[in-house]
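In this note's numbering, the protein residues as written are 73 to 144.
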């Protein structure tokens, strides 16, 4: 597998994962989106913002796919 965002520090990746877990477990969609947007805005580097957007979008797609597979 090819790793994307190789220039993003491990700490940023770990923090983003922790934030995502927190948001998906504790917020309704609208409030969670506001929290995510705030988190993205807090990133100083554009590369980090791009990574965070990508990460949240990927996690959201996984959750949606999992929800759809549980309906069948």
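Backbone N, C-alpha and C fix where the C-beta goes; we use that ideal spot for every residue, glycine too.
All values derive from a computational prediction rather than experimental measurement.
Contact annotation: residue 84 and residue 111 have beta-carbon atoms that are not nearer than 7 Å. Taking the CA atoms as reference points, residue 123 sits about 18 Å from residue 96.
Around the beta carbon of residue 117, fewer than 16 other beta carbons lie within 10 angstroms, which makes this residue exposed. Restricting attention to 73, 125 and 87, the CA atom closest to the CA of residue 105 is found in 125. Between the alpha carbons of residue 131 and residue 89 lies a distance of about 9 Å. Using a Cβ distance threshold of 7 Å, residue 108 and residue 77 do not count as a contacting pair.
Distances from the alpha-carbon of residue 87 to those of 115, 98 and 74 put 115 closest.
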